[in-house]
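Q:
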Amino acid sequence: MIEAQLPESASPASERPPSAGPREAPAPSRAPAAPRRRDVFDDLWSLFSSPKLALGLILAIAAASLAGALIMQVPSEMFGNADAVRTWVERARPRYGVLTDLFGTLGLFWVFQTMWFRALLGLLALNTIVCTVNRLPGIWRQVFEPRVRPGEGLFERGKPRETAHLASESLDAARPTVRAALRRRGYRVVEQVEPQGVYLYADRFRLARFGTLLSHTGLVLVFLGVVASEPLGFFQEQGFAVPVGSTREVGHNTGLSVYVDDFADEYHPDGRPKDYRSEVVLFDQGREVARATVRVNEPLAYNGVRFHQAYYGQATIVSATEPGGKTLFRDAVALTWRSNDGERPVGYFFLPTRDLHVYLVGTAGEGDPVVRPGELLVEAYRGNVSTPTYRATLTQRRPLKIADVEFLFERELPFTGLRVVRDPGAPIVWLACVLLVVGFMLAFYFPHRRLWARLRAEPGGIEVTLVGAGQEMAEELRRVLRSSDFGFWILDFGLGSDPNPKSRIQNPKSGKSRIQNPKSEQACG
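Throughout, the numbering used here is defined as the position within the sequence shown, counted from one, plus 12.
1) Provide the residue span of the alpha helix (DSSP H) that contains S269, from first to last.
2) Does K413 come out as helix, strand or coil in the three-state DSSP assignment?
3) Where G429 and V390 are concerned, what is the direct C-alpha to C-alpha distance, given to the nearest angstrom?
4) So, do the region 464-480 and the region 252-270 have three or more beta carbon pairs nearer to each other than 8 Å?
5) Thinking C-beta only, is E102 closer than 7 Å to S351?
6) What number of angstroms, rounded off, separates the C-alpha of R221 from the C-alpha of V155?
7) Which word fits G437, buried or exposed, when buried means at least 16 other C-beta atoms lie within 10 angstroms of its C-beta?
8) Would you mind listing the beta strand (DSSP E) stretches within the region 419-488 that are 3+ residues and don't spill past its ends, in chain order?
9) Over what stretch of residues does the alpha helix (DSSP H) that includes E355 continue unbroken?
10) If you reduce the DSSP assignment to three classes, tell me which class P285 lands in.
11) Which stretch, first to last residue, makes up the alpha helix (DSSP H) that contains S58?
12) Just to confirm, are G377 and P357 a CB contact at a threshold of 7 Å?
13) Exposed or buried, what is D215 when buried is set at 16 or more other beta-carbons lying within 10 Å of its beta-carbon?
14) Can you give me the Cβ contacts of A625 inside the same chain, cut-off strictly under 7 Å, excluding the 5 residues immediately before and after it?
15) In three-state DSSP terms, what is T175?
16) Opposite I73 in the DSSP bridges: which residues?
17) Does DSSP put N519 in a helix, a strand or coil?
18) Does DSSP put E102 in a helix, in a strand, or in coil?
19) May I have the straight-line CA-CA distance separating A185 from P471, to the nearest angstrom?
20) Does the beta-carbon of W122 have 16 or more other beta-carbons within 10 angstroms, so that it is buried, or is it exposed?
21) Check whether the Cβ atoms of P359 and L368 lie closer than 7 Å to each other.
22) For T399, list the residues DSSP reports as bridge partners.
23) Out of F252, L425 and D95, state which residue places its alpha-carbon closest to the alpha-carbon of R431.
24) If you reduce the DSSP assignment to three classes, tell me which class L82 lands in.
25) Is Q125 helix, strand or coil by DSSP?
26) Anyone know if the C-beta pair for A344 and S258 falls short of 7 Å?
27) Measure the beta-carbon distance from Y288 to Q321 and round it to whole angstroms, keeping in mind my assumption that it falls under 8 Å.
28) Indicate the three-state DSSP secondary structure (helix, strand or coil) for F217 in the structure shown.
29) By a C-beta neighbour count over all protein chains shown, 10 Å radius and 16 as the cutoff for buried, is M127 buried or exposed?
30) Answer with buried or exposed for G354, where buried requires no fewer than 16 other C-beta atoms within 10 angstroms of its C-beta.
31) Comparing C-alpha positions only, which one of G379, K286, I329 and L225 sits nearest to V256?
32) Could you check what DSSP says for L388 in three-state terms: helix, strand or coil?
33) With distance defined between alpha-carbon atoms, name the residue in W349, Q483, V441 and P364 nearest to M84.
34) How is V97 classed by DSSP in three states: helix, strand or coil?
35) When the Cα atoms are used, what is the spatial distance from V7 to V239?
36) Rounding to the nearest angstrom, what Cα-Cα distance links V4 and P411 in this structure?
Have a look at this one:
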């Protein structure tokens, strides 16, 4: 704050009482009070009010986010299924090699769901709150309790500084002139009259100082919105794929399920997608509650849950039957993932009675040497092993016995991928964004401008000294002195920090010079 930079000068000699007789011996000074002992709370407060801690936390969060962007992340639909997560990690081992176990231990395969990442966000929020609380008293004093009379040293040595003389006979006559000049520039003026002269404090955009508090509050609300969205909401994109003619439960204790009645896609003549849409039926606890055509920007919303059209692809109907004819599995499986080479679509289902994780690999199209059109590659992993226990190629409508399970690839059909969102933190995040934008706009476009003025009677007129808070006020001081209110009163100008002692101010109405070279002893004509 500027107040901390203002040198205090001793009282002028005229204020000191005259000596009256011999001086008495000074009274013995009291013993200094014992300093207050710091406790753990003080140490923690000092720690969390440190800008260095904020910088360290921001760098740590940035590094974690970069790791989450560069390292493959476990699909969100697998969380809650430990076996599926372990299988996914084993399938990623060829890519990351000896680092796989380390990444798994640190949670780098699911960075944004780890407790340590959320702890970093919480610590940064706490650090922001403590820093804001620390700054609030100083901002409050500057806005509502300004220091009108600083030390005299400010007017003698402060920078930027400008000095002018008014052709006025008294301080009472000069005060309205200075106040009017400041108010014309949009300043609020606070005045204090002293025997040595008149002191003015002027500022504008003072409430903009609270822009910092708004931006800090917005930052904290962003963290709060993210934290609230995790336990109370959910976000499903790649995981919620529904084949046409099938029903899928949304889960997350919503009681909702979605049936896809039809899917259509249209293309421009050059092959670009023109439109794709799904005809869906929504059920709540088995009761139909909505029917809608869902597009990318036309979601279906129900009870705080939104369904957006996100993607589409190929699905297959597959059955698995054990000896004796008992059906272990029969359903449409959406091939929503991609193989390690990124060429082939992959789907997944689990046979709990056989402890088999079954992956279905589709064809990459004509010319695929591994999976030809009309075929389906089956890889079955038992338990947590990283190599397939069974591997075979299915041809459509031809059953194939793998070990003691008979698999049948019945037919292909499309699936629709829906992005399902319930985000209770979204209104909080939107409010936070508004506060951040408003706070930054106040801070950058409406900076708090402050200056101090001293009016002192001198032989032949009134000396006016203006001192600004910060070098950005240098030109502003000159604009104040050049205003029309000063135009007919200034005798000389530039006696302070103006590098050009021959500065001249013209009559703002006539354009004629109202000042001479300050070195000249003649008054203005």
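All residues carry an ideal CB built from backbone N, CA and C; glycine is no exception.
A: Per the coordinate set shown:
1) Counting along the chain, S269 falls outside any alpha helix (DSSP H), though it belongs to the beta strand (DSSP E) covering L268 to Y279.
2) strand
3) The alpha-carbon atoms of G429 and V390 are separated by roughly 23 Å.
4) no
5) no
6) 8 Å
7) Its Cβ being crowded by 16 or more others within 10 Å, G437 is buried.
8) 461-470 and 473-480
9) Element bounds for E355: n/a, residue is neither H nor E.
10) It is a strand residue.
11) From DSSP, the alpha helix (DSSP H) with S58 extends over V52 to F60.
12) no
13) buried
14) Because the chain is modelled from 13 through 537, residue 625 falls outside the range shown and cannot be assessed.
15) strand
16) I73 is not bridged to any residue.
17) Because N519 carries a pLDDT of 40, less than 50, the predicted location of this residue cannot be relied on, and the following value inherits that uncertainty. DSSP places N519 in coil when its eight states are reduced to three.
18) For E102, the three-state secondary structure derived from DSSP is helix.
19) 15 Å
20) buried
21) Here the sequence assigns Gly to residue 359, which means Pro is not the residue at that position. Contact: no.
22) According to DSSP, T399 bridges with nothing at all.
23) Residue F252 is the option with its Cα nearest to R431.
24) helix
25) helix
26) yes
27) 7 Å
28) coil
29) exposed
30) exposed
31) I329
32) Here L388 sits in strand by DSSP.
33) W349
34) helix
35) With the chain represented from 13 up to 537, any question about residue 7 goes unanswered, as that position is not in the structure.
36) Since the first and last residues shown for the chain are 13 and 537, residue 4 lies out of range.
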